[in-house]
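Enquirer:
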Amino acid sequence: MSGKPKLHYFNGRGRMEPIRWLLAAAGVEFEESYLEKKEDLTKLQKDGSLLFQQVPMVEMDGMKLVQTRAIANYIATKYNLCGKDLKERALIDMYVEGMFDLNELLMTYGYQPADKKEQHFANMMDKATNRYFPVFEKVLKDHGKDFLVGNQLSRADVQLLELILMAEEFKPDILAQFPLLQRFKARISNIPTIKKFLQPGSQRKPPVREEDVAKVIKIFY
Numbered sequence: 000m001s002g003k004p005k006l007h008y009f010n011g012r013g014r015m016e017p018i019r020w021l022l023a024a025a026g027v028e029f030e031e032s033y034l035e036k037k038e039d040l041t042k043l044q045k046d047g048s049l050l051f052q053q054v055p056m057v058e059m060d061g062m063k064l065v066q067t068r069a070i071a072n073y074i075a076t077k078y079n080l081c082g083k084d085l086k087e088r089a090l091i092d093m094y095v096e097g098m099f100d101l102n103e104l105l106m107t108y109g110y111q112p113a114d115k116k117e118q119h120f121a122n123m124m125d126k127a128t129n130r131y132f133p134v135f136e137k138v139l140k141d142h143g144k145d146f147l148v149g150n151q152l153s154r155a156d157v158q159l160l161e162l163i164l165m166a167e168e169f170k171p172d173i174l175a176q177f178p179l180l181q182r183f184k185a186r187i188s189n190i191p192t193i194k195k196f197l198q199p200g201s202q203r204k205p206p207v208r209e210e211d212v213a214k215v216i217k218i219f220y
């Protein structure tokens, strides 16, 4: 083995994308093993690699890690992305949990039936602009620093940038009323490891396409 973390998932964003972002931000190179068909998932299930029979799964440090939040927590802790003390970690965890709620709405849009898409879109745009982004705008204003928590990069910053960029794919001017988030986006995007991940040809995945949806459904259902 190369010693690099190995990510087991389909070739798309889904619940693995926040993990890719964290590894990239930490400057960690990783390999990917893509599930192409249902048999690939079944093989992992049968050989005991998946504790709860589900992916994402990350092979790392001699472990087979599952559950998105658990994997992200491990990576954040290992690479010093979870604050300098318990109080900072609590803030980071709170912010990230909120982000996961919005991420779930954005991530699942492409999988909605045609007759539900309009309602789903309206709901996620409303939540982004009226519930979640105002919170982070206020956090930045009250904190007065370049980062959401403390004075160094944390997983909260990484995952908020991911979320902002996803939301902008749906509505390019979604940050129009959030000047501090606009500056935050520019600042965090220029951190060298993150800037590299944002370049064409990186392991960052594109938005889900209709043909991807059909493929994913065949693997998991």
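Start counting the sequence shown at 0; every next residue gets the next number (numbering that gives the first Met the number 0). Even for Gly, the Cβ is constructed at its ideal location relative to N, Cα and C. These numbers were taken from a predicted model, which means no experiment stands behind them.
With DSSP run on the structure shown, which of helix, strand or coil describes Ser-32?
Expert: strand
Enquirer: Using the Cβ count rule (16 or more neighbours within 10 Å means buried), how would you classify Met-62?
Expert: exposed
Enquirer: Report the option in Glu-167, Asn-122, Asp-84, Tyr-108 whose CA atom is closest to the CA atom of Asn-244.
Expert: The structure shown has nothing for residue 244, since the chain only spans 0 to 220.
Enquirer: Can you check whether the CB of Gly-11 is closer than 7 Å to the CB of Lys-204?
Expert: yes
Enquirer: In terms of alpha-carbon separation, which member of Tyr-110, Val-95, Glu-28 lies closest to Tyr-220?
Expert: Tyr-110
Enquirer: Distance, Cα to Cα, Glu-58 vs Pro-4?
Expert: 6 Å
Enquirer: Taking the alpha-carbon positions, what's the Lys-214 to Lys-37 distance?
Expert: Taking C-alpha positions only, Lys-214 is separated from Lys-37 by approximately 10 Å.
Enquirer: Which same chain residues end up closer than 6 Å to Leu-80 when comparing Cβ atoms and leaving out the 5 residues on each side of it in sequence?
Expert: Ser-153, Arg-154
Enquirer: Roughly how many angstroms lie between the CA atoms of Met-0 and Val-157, to the nearest whole one?
Expert: Because Met-0 sits at a pLDDT of 44, beneath the cut-off of 50, its placement in the model cannot be relied upon, and the point is left open.
Enquirer: In the DSSP assignment, what are the bridge partners of Leu-64?
Expert: In the DSSP output, where bridge partners are listed per residue, Leu-64 has Val-57.
Enquirer: Have a look at Phe-169 and Gly-13 and give me their C-alpha separation to the nearest angstrom.
Expert: 16 Å
Enquirer: Excluding sequence positions up to five away, which residues of its chain have a Cβ less than 6 Å from the Cβ of Val-54?
Expert: His-7, Tyr-8, listed in sequence order.
Enquirer: I need the DSSP call for Tyr-78, collapsed to helix, strand or coil.
Expert: Three-state result, Tyr-78: coil.
Enquirer: Quickly, what does DSSP pair Tyr-8 with across the bridge? List them, please.
Expert: Tyr-33
Enquirer: On the DSSP letters alone, give me the boundaries of the alpha helix (DSSP H) that Tyr-94 sits inside.
Expert: 85 to 107
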